[in-house]
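Visitor:
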Amino acid sequence: MRFVPAACLKSGMILGQDLYGSKNELLLSEGQVLTDSEVARICGLKYQGAYIIDVYSQDISSHGLISSNLKNNTVRAIKEVFNQVKSDDTTGPLPSISGIKFLINDIVDEITTNQNASVNMLDLKVFDDYTYYHCVNVAALSIVVGAASGLTKTDLYQLGLGSLLHDIGKVFVPKGLLEKKGKLTEDEFQEIQKHSLYGSEYLRNKWEIPIESNLVVLSHHEKYDGTGYPYKLSKDKISTFGKIAAVADVYDALTSDRPYRKAMPPSEAMEYVMGGSGTLFDPRVVSMFTRKVAPYPIGTCVTLSNGLTGIVVENYVNCGMRPKVRIISDPHRNEIYDLYNDFSLLNVTITAIAEI
Ligand SMILES: [Fe+2]
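Residue 138 in my numbering is what sits at position 125 of the sequence shown, and the numbering runs on without skipping anything.
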């Protein structure tokens, strides 16, 4: 399968991955031939695009970090938790998070069972449910980086729980501010920044979660050089788990469509993360992140510096910038460029994401 941006989807294309609606219901199934109205539905939900299968990509497969079932269950559960917190008036019943504790353990199990788990697929979100998909992605990305760093299962659970809840404090910030398209005033910016404190305080007062998880909520916007918030902590004064979640949070946000900007391709978001190593982010976390997250996920269509177009078919852990690429612009060539191993291709580089 290969990824096709929403603007390039057409009727007659065959879907390569299940797509879900705004209530997490199965909208379209893998293998389905798209009609005009289904393309319109995908665009109506503001999906960035979809994975399709065609003659060039029918033998290319990839999968998300966690199974669709587990992902959808967790999205549904965290949505419920956000809604419970929103409606909580301090006199009512306390929200329950027992459900998401089980789901986090399942995510840890799925990721640690697959030692080679890496991010090799673009994550597609229903635009209006960004917050909940984002929470689940930040948890999964944090766990995969934590697992690669040798954390124990208990640590991964605490990291995952904190990451899943990292933005719970946004419930207490006016929605209009969070989605404002124009420039924020200084006061508005300060109000938004309070979400990490609001979230941490709420969890401390209402729920029993491990302190390490709470620290993720509190410190996911601290920066390595001490310019973050709320406490301007730097380097090893920031919780280790908070530093992992900080990278996962920024990466997932950058690769998602937002009301005020379009999504960046993973390669550009990765460049941003790498550029922030040692200033915004802990270099050790960035180093592990770049090993586990492919800048050109499998199924990405790319343009090469020699003018040819191809589809990424395989990635190398140690060199994500130099994947294996199947050339499709000249079908008679039926050629695969191994940019990492083939020294005759050293002067060929990926120059752009091809929108086809
Ligand atoms: Fe946040």
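Virtual Cβ for every residue (Gly too), placed ideally from N, Cα, C.
(1) Hey, would you say T322 sits closer than 8 Å to A367, going by beta carbons?
(2) For the beta strand (DSSP E) that A365 lies in, which residues bound it at each end?
(3) Take every Cβ of the segment 217-236, pair it with every Cβ of the segment 186-202, and state whether three or more of those distances are shorter than 8 Å.
(4) Check T103 in the structure and name its three-state DSSP category.
(5) With a floor of 3 residues, list each beta strand (DSSP E) that falls wholly inside the segment 312-360, ordered by position along the chain.
(6) What do you get for E375, buried or exposed, if any count of 16 or more other CB atoms within 10 angstroms of its CB means buried?
(7) May I have the straight-line CA-CA distance separating T103 from D119, to the nearest angstrom?
(8) Counting Cβ pairs, one atom from each stretch, are 3 or more of them under 8 Å apart for the segment 128-144 and the segment 28-40?
(9) For K99, I'd like the list of residues in its chain whose CB is within less than 8 Å of its CB, leaving aside the five on either flank, ordered along the chain.
(10) With respect to 7 Å, is the separation between the Cβ of D265 and the closest non-hydrogen atom of ligand 1 below this value?
(11) Can you grab the Cα-Cα spacing for the pair D262 / H345, in whole Å?
(12) Please report the residue range of the alpha helix (DSSP H) in which L40 lies.
(13) Compare the Cα-Cα distances from A282 to each of S290, I224, Y264, T292 and report the closest residue.
(14) Which residue comes first and which comes last in the alpha helix (DSSP H) that contains V263?
(15) Taking its Cβ as the centre, do 16 or more other Cβ atoms sit within 10 Å of Y273, making it buried, or is it exposed?
(16) Closer than 7 Å to a non-hydrogen atom of ligand 1 - does that hold for the CB of H208?
(17) Quick check: is any heavy atom of ligand 3 less than 7 Å from the C-beta of H147?
(18) According to DSSP, is L32 helix, strand or coil?
Guide: Put simply:
(1) Sequence index remark: in the sequence shown, residue 322 carries index 309 (1-based). Sequence index remark: in the sequence shown, residue 367 carries index 354 (1-based). Yes, the Cβ-Cβ distance between T322 and A367 is below 8 Å.
(2) What you label residue 365 is simply residue 352 of the sequence shown in a count that begins at 1. Per DSSP, A365 belongs to the beta strand (DSSP E) from 363-366.
(3) The segment 217-236 is not in contact with the segment 186-202.
(4) Sequence index remark: in the sequence shown, residue 103 carries index 90 (1-based). Legend: pLDDT at T103 = 47, less than 50; position of this residue unreliable, no value from coordinates given.
(5) 314-317, 322-327, 337-340, 349-351
(6) Missing from the structure shown is residue 375; the chain here goes from 14 to 369 and no further.
(7) As a position in the sequence shown, residue 103 is number 90, starting the count at 1. As a position in the sequence shown, residue 119 is number 106, starting the count at 1. Note that T103 scores 47 on pLDDT, short of 50, meaning its location in the model is unreliable; the coordinates nonetheless yield the value given after this. Rounded to the nearest angstrom, the two C-alpha atoms are 31 Å apart.
(8) yes
(9) Your numbering for residue 99 matches position 86 in the sequence shown. These residues qualify, in order along the chain: V184.
(10) Taking the sequence shown and counting its residues from 1, the one referred to as residue 265 is at position 252. No - ligand 1 has no heavy atom lying nearer than 7 Å to the Cβ of D265.
(11) Counted from its first residue, the sequence shown places residue 262 at position 249. Counted from its first residue, the sequence shown places residue 345 at position 332. Going from the Cα of D262 to the Cα of H345 covers about 43 Å.
(12) By one-based count along the sequence shown, residue 40 stands at place 27. From DSSP, L40 is part of no alpha helix (DSSP H) but of the beta strand (DSSP E) over 39-41.
(13) To locate residue 282, count along the sequence shown from 1; it is residue 269. Here the closest residue by C-alpha is Y264.
(14) The count along the sequence shown starts at 1 and reaches residue 263 at position 250. Looking at the DSSP string, the run of the alpha helix (DSSP H) that includes V263 is 253-267.
(15) Taking the first residue of the sequence shown as position 1, residue 273 is located at position 260. Classification for Y273: exposed.
(16) What you label residue 208 is simply residue 195 of the sequence shown in a count that begins at 1. H208 has its CB nearer than 7 Å to a heavy atom of ligand 1.
(17) Ligand 3 is absent from the structure shown, which contains only ligand 1.
(18) Taking the sequence shown and counting its residues from 1, the one referred to as residue 32 is at position 19. If DSSP states are grouped into helix, strand and coil, L32 belongs with the strands.
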